[in-house]
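Step one of this worksheet: look at the structure below.
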Amino acid sequence: SESQYDYEVYHPLEEIQNWMFEMNRSRPELVTLFSVGKSYEGRPLYVLQLGKRGRPQKKSVWIDCGVHAREWIGPAFCQWFVKEALSSYKYDSVMTRLLNHLDFFIMPVFNVDGYRFSWNTDRFWRKTRSKNHKFHCRGVDANRNWKVKWCDEGASSHPCDDTYCGPFPESEPEVKAVAKFLRKHKKRMKAYISIHAYAQMLLYPYSYKYAAIPNFNCVESAAQNAVTALHSAYGVRYRYGPASTTLYVSSGSSIDWAYRNGIPYAFAFELRDTGHFGFLLPESLIKPTCTETLRAVKAIASGLLKKC
Amino acid sequence: YQYNNRYAGDQIFRITPTSDAEVRALQKILGQIKVDFWQPNSASLMHQNATVDVHVKRNDTQDLHARLKLEGIKYRVFISNLQNEIEKQSGYRSSRKRR
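Chains Y and F are the protein sequences, given in the same order.
For the first sequence, our numbering begins at -19 and goes up steadily by one.
For the second sequence, our numbering begins at 2 and goes up steadily by one.
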């Protein structure tokens, strides 16, 4: 049951899915579970919608975790966010306001096939698990497969590379399903957040080119507020800025696609650490990492309720 | 062991090329030794003074040590035995609880 679920350990896919069913069952006033489609291997792509029922077409925030299979701290954060949101509703004024005025769409595991493969076979798998009929290598980098300057700099057209962009944009059913959902809800979708690891960075568009986005001042200030909030928890410093200059140029990323499709605030978090454990962040660091990241996400969401 | 102990002896190198020449030399070395890029995500994204984290198979670690020393490229090993770190990450405590 919900009270026994351990948010300070990593969970395999099946446990996460059972947990999602339990959230849906136990908190119907705030939670709705649905699927946006199926993965390459036929698994459902579950999403939890969080928010007080009421006004239709509330402003919304999308948060996806686990785009890259080996980045386990992502799914851990999505589950932590749901737990904190539900447990602090009516007790924490900020979260209460957020859930009353916004809907949050939380996708704890975007790359369900890859995540499962990283639990059972290859801990450091990154990509999806789609097959390529000409090459023995499997999988596409789901963060190089979006239809925005697709398969250009920072992406590879070779199926065996870890940054393989895929045979065509949205070739991956997981990417296609999420893109379709976001396109359908784009009027109400005010922020897109994608959780990755590791580097301790908060990135926003553009990834595919060196140029400032039109609403740079608002996005930069939202990012600054977010990393300040994150720092207030344990003093951990995050770098932030446009992905192309803060990290490197890469095409076909989800934040560039979201931004180009009208979502005014698009962020990618690269969570802890900066290269001590890398993808193998110990379970003992799940709580501090998720606590600080929650502060940052709440800061971004709160900003949506103000004018910029 | 988890993953059938397949990561025993594998290491994670953190390499810091400090010039374009070193980046080119590193691209050549890492083109010949099959490594898994942790950061950045591929050889083409490497640039000077930006750290490069790579997962090296146990049979290739000595070769990579030797080549980096030969080229005078700065590096350190931040995970000396990947299998140990994997066992530690999930810890028998929690997996026992899960199981």
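From the three backbone atoms N, C-alpha and C, an ideal C-beta is built for every residue, glycine too.
Because the structure is a prediction, the values reported are computed rather than measured.
Cα-Cα, which of the options is closest to residue i?
{"i": "residue 271 of chain Y", "options": "Y:170, Y:59, Y:203 and Y:51", "result": "Y:59"}
{"i": "residue 183 of chain Y", "options": "Y:-11, Y:233 and Y:256", "result": "Y:233"}
{"i": "residue 26 of chain Y", "options": "Y:77, Y:161 and Y:170", "result": "Y:161"}
{"i": "residue 57 of chain F", "options": "F:82, F:47 and F:22", "result": "F:82"}
{"i": "residue 284 of chain Y", "options": "Y:-12, Y:5 and Y:42", "result": "Y:42"}
{"i": "residue 5 of chain F", "options": "Y:102, Y:125 and Y:240", "result": "Y:102"}
{"i": "residue 90 of chain Y", "options": "Y:2, Y:115, Y:176 and Y:1", "result": "Y:176"}
{"i": "residue 4 of chain Y", "options": "Y:31, Y:-13 and Y:-9", "result": "Y:31"}
{"i": "residue 207 of chain Y", "options": "Y:250, Y:191 and Y:225", "result": "Y:250"}
{"i": "residue 80 of chain F", "options": "Y:152, Y:259, Y:273 and Y:216", "result": "Y:259"}
{"i": "residue 186 of chain Y", "options": "Y:244, Y:-9 and Y:104", "result": "Y:244"}
{"i": "residue 68 of chain F", "options": "F:30, F:50 and F:51", "result": "F:30"}
{"i": "residue 18 of chain F", "options": "F:65, F:47, F:2 and F:10", "result": "F:47"}
{"i": "residue 34 of chain F", "options": "F:65, F:2, F:76 and F:73", "result": "F:65"}
Does the Cβ of residue i have 16 or more other Cβ atoms within 10 Å, making it buried, or fewer, making it exposed?
{"i": "residue 40 of chain F", "result": "buried"}
{"i": "residue 98 of chain F", "result": "Residue placement at residue 98 of chain F is flagged as unreliable, the pLDDT there being 45, under the threshold of 50; the coordinate-derived value follows with that caveat. That one is exposed."}
{"i": "residue 100 of chain F", "result": "Its pLDDT being 41, under 50, residue 100 of chain F is placed unreliably in this model, and the coordinates cannot settle the point."}
{"i": "residue 279 of chain Y", "result": "buried"}
{"i": "residue -17 of chain Y", "result": "exposed"}
{"i": "residue 71 of chain F", "result": "exposed"}
{"i": "residue 51 of chain Y", "result": "buried"}
{"i": "residue 62 of chain Y", "result": "buried"}
{"i": "residue 93 of chain F", "result": "Unreliable positioning characterises residue 93 of chain F in this predicted model, as indicated by a pLDDT of 46, which lies under 50. The coordinate reading is nonetheless provided below. Looking at its Cβ environment, which holds fewer than 16 other Cβ atoms inside 10 Å, residue 93 of chain F is exposed."}
{"i": "residue 148 of chain Y", "result": "exposed"}
So, are the CB atoms of residue i and residue j less than 9 Å apart?
{"i": "residue 82 of chain Y", "j": "residue 40 of chain Y", "result": "yes"}
{"i": "residue 248 of chain Y", "j": "residue 173 of chain Y", "result": "yes"}
{"i": "residue 123 of chain Y", "j": "residue 47 of chain Y", "result": "yes"}
{"i": "residue 54 of chain F", "j": "residue 13 of chain F", "result": "yes"}
{"i": "residue 125 of chain Y", "j": "residue 145 of chain Y", "result": "yes"}
{"i": "residue 166 of chain Y", "j": "residue 241 of chain Y", "result": "yes"}
{"i": "residue 64 of chain Y", "j": "residue 266 of chain Y", "result": "no"}
{"i": "residue 90 of chain F", "j": "residue 261 of chain Y", "result": "yes"}
{"i": "residue -7 of chain Y", "j": "residue 95 of chain Y", "result": "yes"}
{"i": "residue 121 of chain Y", "j": "residue 42 of chain F", "result": "yes"}
{"i": "residue 53 of chain Y", "j": "residue 269 of chain Y", "result": "yes"}
Check whether chain B comes within 9 Å of residue i, counting only Cβ atoms and requiring the distance to be less than that.
{"i": "residue 101 of chain Y", "result": "The structure shown contains no chain B; its protein chains are Y and F."}
What ranges does the beta strand (DSSP E) occupy inside the segment 203 to 267 of chain Y, keeping only unbroken runs of at least 3 residues that lie completely in it?
219 to 222 and 245 to 251
For the segment 165 to 188 of chain Y, which residues have a CB atom closer than 8 Å to at least one CB atom of chain F, in sequence order?
178 and 179
Name the residues in the segment 197 to 228 of chain Y whose C-beta lies less than 9 Å from a C-beta of chain F; which are they?
227 and 228
Whole runs of the beta strand (DSSP E) within the segment -12 to 25 of chain Y, excluding any shorter than 3 residues
11 to 18
Report the start-end ranges of each beta strand (DSSP E) in the segment 52 to 87 of chain F that is 3 residues or longer and not cut off at the edges.
53 to 57 and 75 to 80
Under 8 Å, CB to CB, which of the residues in the segment 35 to 48 of chain F have a partner in chain Y?
37, 38, 39, 40, 41, 42, 43, 45, 46 and 48
Residues in the segment 254 to 272 of chain Y having any Cβ partner in chain F nearer than 9 Å:
254, 255, 256, 257, 258, 259, 260, 261, 262, 263 and 264
Check distances from the C-beta atoms of the segment 130 to 157 of chain Y to those of chain F and list, in chain order, the residues that come in under 7 Å.
134, 136, 141, 142 and 143
Which residues, taken in chain order from the segment 64 to 79 of chain F, show a beta carbon closer than 7 Å to some beta carbon of chain Y?
79
Within the segment 79 to 132 of chain Y, ranges of the alpha helix (DSSP H) (whole runs, at least 4 residues)
92 to 100
Entirely enclosed beta strand (DSSP E) segments - the segment 168 to 196 of chain Y, minimum 3 residues
169 to 177 and 181 to 184
Can you list, in chain order, the residues of the segment 95 to 127 of chain Y whose Cβ is nearer than 7 Å to any Cβ on chain F?
103 and 104
Of all the residues that make up the segment 5 to 30 of chain F, which are near chain Y by a beta-carbon distance shorter than 8 Å?
8, 13 and 15
May I ask you to list, following chain order, the residues of the segment -17 to 3 of chain Y that have a beta carbon less than 9 Å from some beta carbon of chain F?
-14, -12, -11, -10, -9, -8 and -5
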